[in-house]
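Just so you know, the sequence shown maps onto residues 251 to 638 in the numbering used here.
For glycine and all other residues, C-beta sits at the position ideal for the given N, C-alpha and C.
Bear in mind the structure is a predicted one, so any value in this text is a computation, not a measurement.
Report on one structure; see the data block that follows.
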Amino acid sequence: MNSFDFCSSTELVFGRGAENSIGERLAARFPKGRVYLVYGGGSVKRTGLYDRVTGSLREAGLEVREKGGVRPNPDIGLIRELSSDARNWGADVLLAVGGGSVIDTCKAAAMAVPYGGDPWDFFSGKAKCVRALPIAVILTIPAAGSEQSMRVVVSNGDKKWGTASQLIRPMVSVIDPELFFTLPPYQAAAGVVDMMSHIMERYFTNTPATGFVDGQAEAAMRSIMKFGLEIRRDPRNYDAWSQVGVAGAFAHNGYYGLGQEEDWASHGMEHELSAWNPKITHGAGLAVVIPGFLAFTGARRPERVAQWARNVMGSVEQDDSAAVRDGIARLRAFYREMGMPGSLEELGAGSAPLEELARRAARSGTLGHFVPLSPEDVLSIYRSVLKA
Ligand code: NZQ
Ligand code: ZN
């Protein structure tokens, strides 16, 4: 195990109706303060959540300003508008009501407001975050884990890049499983794939002596599949959503990567797809590339992938290569049962410029760490999942 420094500072508030206390909670920190509310394409209005949240904020004596219209795979354009408006207005806190796209929009703006320059500077490497506005979250989809993570990912034209800072971990995140009942099944399934992948990206490592975290990670992945299928069958199952909601928040707070080198090649490959076409849902893109990634890396590091196949996917194959194949087949069957696409064609990316995307994914020379992938390796993974 490697040396590490771990701090996950987000206060999590969990339970039925927990969002109704958001006004009180923010007023305790910022009496008579200015809350900048940010949301997506309209689901919060349709579900009535918007009215309850703004009511709670106003009742607590807070001033409210708002920006809606954040799209999935959030765009830097709206972040620029939000940053300058929040700065001019003198916002004390940004309140994200939504999923990863809304939260990441707030994270980028939170860095840019005190900085005063272009938010993209943090993604291009021109600026480093040294101060950020506080962020509060009311989570409406368990998926990206941004409600507790230190990461942020945004799109700028054909680039979808990320950065990280301890300063943008949300101050408080509210998780009410009842808010997930209205999710379209495809989004719910993509969220389940995404949270499981956040553990896989850390699990596939060459760092020795990670047995404690391995065991936790294997149990977490099994639970995510079990409860993922339950919410697929019964989208109003509060108890199953509770497990999925908690799993998503912890999958990406860094715990499952304690003291080990992380991989992130599958995310690198997916981000090029959803940068190329922002209509592609992140988790659905992952469901396509991950089996290709596992087949490629499993041929080169069979032991670790076979361990995952046996301990997570339930393979009983003795031979490592057979276990790898069996584990991947079981994972594909799980994705299929969740209603996820099984190929780039089914994802709507059959005509994507794969050579170009592979070059971009491995732009720093290689992609990932478990098996460092050259642009040619990435291309061969993309091609291996082109058709079902
Ligand atoms: O925009 P609205 O109308 O709200 O609809 C959204 C959106 O269309 C809908 N939705 C959300 N909650 C709903 C709901 N519809 C009905 N009822 C509800 N309760 O779901 C759609 C997807 O929302 P989005 O926020 O895009 O989903 P997700 O949480 O999956 O976020 C994806 C983004 O997060 C990034 C992804 O790359 C992508 O840009 N990620 C961020 C990470 C981070 N910051 O740590 C890590 C992840 O690996 C990921 O890369
Ligand atoms: Zn992800």
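Exercise. Could you tell me whether any non-hydrogen atom of ligand 2 is closer than 7 Å to the CB of S447?
Key: yes
Exercise. Check whether the Cβ atoms of K357 and I272 sit closer than 8 Å, and answer yes or no.
Key: no
Self-check item: Those runs of the beta strand (DSSP E) which lie wholly inside the region 395-452 and span at least 3 residues
Solution: 401-406, 409-414 and 422-425
Quiz item: Which whole-angstrom value is the C-beta distance of S624 and A612, which I expect to be below 8 Å?
Solution: About 6 Å separates the beta carbons of S624 and A612, which is inside the 8 Å limit, making them a contact pair.
Quiz item: Start and end of the alpha helix (DSSP H) containing I388?
Solution: Here I388 belongs to no alpha helix (DSSP H); instead the beta strand (DSSP E) covers I385 to L389.
Quiz item: V303 and V347 look like a contact to me (Cβ under 8 Å); what is the Cβ gap, rounded to whole Å?
Solution: Right, the Cβ-Cβ distance comes to about 6 Å (below 8 Å), so this counts as a contact.
Quiz prompt | Touching by the beta-carbon criterion (3+ pairs, under 8 Å), the region 533-544 and the region 488-495 | solution = no
Exercise. Please work out which residues of its chain come closer than 6 Å, Cβ to Cβ, to A440, disregarding the five sequence neighbours upstream and downstream, and give them in chain order.
Key: T531, G533 and A534
Self-check item: Endpoints, the alpha helix (DSSP H) within which K357 is located
Solution: In the DSSP assignment, K357 falls within the alpha helix (DSSP H) that extends over G350 to Y365.
Quiz item: Is the number of C-beta pairs between the region 353-370 and the region 255-269 that are closer than 8 Å three or more?
Solution: no
Quiz prompt | Between the CA atoms of G504 and L344 - distance to the nearest angstrom | solution = Their Cα atoms are separated by approximately 23 Å.
Quiz item: Is any heavy atom of ligand 2 found at a distance shorter than 7 Å from the C-beta of H532?
Solution: Checking every heavy atom of ligand 2 against the Cβ of H532, one is found closer than 7 Å.
Quiz item: Roughly how many whole angstroms lie between the Cα atoms of G350 and T390?
Solution: For G350 and T390, the gap between their C-alpha atoms comes out near 9 Å.
Self-check item: Span of the beta strand (DSSP E) around F264
Solution: E261 to F264
Quiz item: Can we count A414 as close to ligand 2, meaning its CB is less than 7 Å from some heavy atom?
Solution: no
Self-check item: First and last residue of the uninterrupted alpha helix (DSSP H) at V288
Solution: First-last for V288: R284 to Y289, but that is the beta strand (DSSP E), not the alpha helix (DSSP H).
Self-check item: Inter-residue Cα distance where the pair is A602 and L523
Solution: 8 Å
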